[in-house]
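Reading through the structure tokens given below for one structure.
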Amino acid sequence: MTMAGSNDNVAAFASSDSGKQVPRLSAPDPEKNLPTIKLGETIRFEQFGPIILNSDGTTRRISNWESLSDHEKEVTWRRISKRNEERRNILLDQQKKEEAQNDEDERNSKESTNL
5 MTMAGSNDNV AAFASSDSGK QVPRLSAPDP EKNLPTIKLG ETIRFEQFGP IILNSDGTTR
65 RISNWESLSD HEKEVTWRRI SKRNEERRNI LLDQQKKEEA QNDEDERNSK ESTNL
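In my numbering, the protein residues as written are 5 to 119.
Here it is, written out as structure tokens:
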């Protein structure tokens with residue numbers, strides 16, 4: 005099937021659907037310089053600043069990142085990276101303890117039903 009045939013099918017579908025038109029995406033703005041990626045490529049978001057890992061496991065970003073000086077950004081990356089690693093380890097330990105407790109509770113529950 006050619007692209008023209010494909011367009012004909014879309015037009016036929018649209019006309020057969022009680023006169024409703026198929027919604028279409030608007031054309032991209034030629035003035036915007038948008039990055040594009042291909043399937044399988046990775047994209048980095050370093051220009052947005054580091055992701056902060058909160059002590060409850062949620063994440064956020066620094067709202068004024070673009071207004072920081074290069075030195076402030078460098079110091080911030082270093083501090084947040086260190087703090088994120090500490091918080092991540094604490095959260096992983098908590099998760100392991102909770103899983104162990106759940107396993108123990110499950111074993112106790114099975115033992116009590118077998119009595």
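C-beta: ideal position from N, C-alpha, C; glycine also. Computed from a prediction, not measured in an experiment: that's the story for all the values here.
For Leu57, the enclosing beta strand (DSSP E) covers residues 55-57.
For Trp69, the closest C-alpha among the options Ile94, Asp60, Thr80, Ser59 is that of Thr80.
DSSP, read as helix, strand or coil, puts Thr117 in helix.
As DSSP reads the structure, Thr63 sits in a beta bridge with Leu57. Leaving aside the five residues that flank Pro32 on each side, none in its chain has a CB nearer than 6 angstroms to its CB. With a 10 Å radius around the Cβ and a threshold of 16 neighbouring Cβ atoms, Pro27 comes out exposed.
Assignment of Gln25 by DSSP, reduced to helix, strand and coil, places it in the coil class.
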